[in-house]
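S.K.: Pasting a structure below so you can have a look.
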Ligand code: PNS
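In our numbering, the protein residues as written are 3 to 170.
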């Protein structure tokens, strides 16, 4: 979709392997602040993701369907190049605990060095979601724990199928 003059377009980038309720909380908050929000999945084969980029895109698309100003995309290469190509002037990232800060600080300053006209904005998920990570969700389901309040139902189904062969 082409950017209209005066429209505030933001990118929310990530691996989303898979999308969790923590990501969704951030999407809801960001979607209220901007005209258009593009949730962009990194095609990071080098990180050996559990889900293919197609699977991750499908899950994100399903979860964000209720939000009229949220779109889904994927990218390779530099995030700032992708943001520029999509007409976005804002990058949204979530900060959970102080342990996230150093990595996020480095990325934000590197992105600013590459494209000074693109700003990074940090949002905090609600406290009920601030401990959730895709990594821990995968570990808990793999070991047979309950993840039903950590991920959207479509993601839970896909994870159960992947780890335990359960089809619903
Ligand atoms: O969910 P993640 O894995 O923490 O997301 C990390 C992501 C996708 C935001 C980051 O790896 C990224 O932007 N990668 C694209 C490569 C890039 O632009 N690197 C230079 C800026 S640090």
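Cβ atoms here follow ideal geometry from the backbone N, Cα and C, with glycine treated the same way.
Enumerate in chain order the residues of its own chain whose CB-to-CB distance from residue 89 is below 7 Å, with the five nearest sequence positions on each side excluded.
M.R.: The count along the chain shown starts at 1 and reaches residue 89 at position 87. Answer for residue 89: 5, 11, listed in chain order.
S.K.: For residue 165, does the three-state DSSP call read helix, strand or coil?
M.R.: For the purposes of this step, residue 165 is taken as the residue at position 163 of the chain shown. Note: residue 165 maps to helix in three-state DSSP.
S.K.: When the Cβ atoms of the stretch 129–148 are set against those of the stretch 30–38, are three or more pairs found closer than 8 Å?
M.R.: No: the two stretches stay apart, fewer than three of their Cβ pairs being nearer than 8 Å.
S.K.: Give me the Cβ distance between residue 96 and residue 147, rounded to the nearest whole Å; I'm assuming they're in contact under 8 Å.
M.R.: By 1-based counting over the chain shown, the position of residue 96 is 94. By 1-based counting over the chain shown, the position of residue 147 is 145. About 23 Å; that fails the 8 Å criterion.
S.K.: If you draw a straight line from the alpha carbon of residue 57 to that of residue 166, how long is it in whole angstroms?
M.R.: Taking the chain shown and counting its residues from 1, the one referred to as residue 57 is at position 55. Taking the chain shown and counting its residues from 1, the one referred to as residue 166 is at position 164. Approximately 17 Å between the Cα atoms of the pair.
S.K.: What is the residue span of the beta strand (DSSP E) that residue 14 lies within?
M.R.: Locating residue 14 in the chain shown gives position 12, counting from the first residue. Note, residue 14: beta strand (DSSP E), 11–16.
S.K.: Any chance you could list the beta strand (DSSP E) runs of at least 3 consecutive residues sitting entirely within the stretch 25–104, in chain order?
M.R.: The stretch 25–104 contains these whole beta strand (DSSP E) runs: 38–44, 72–77, 92–96.
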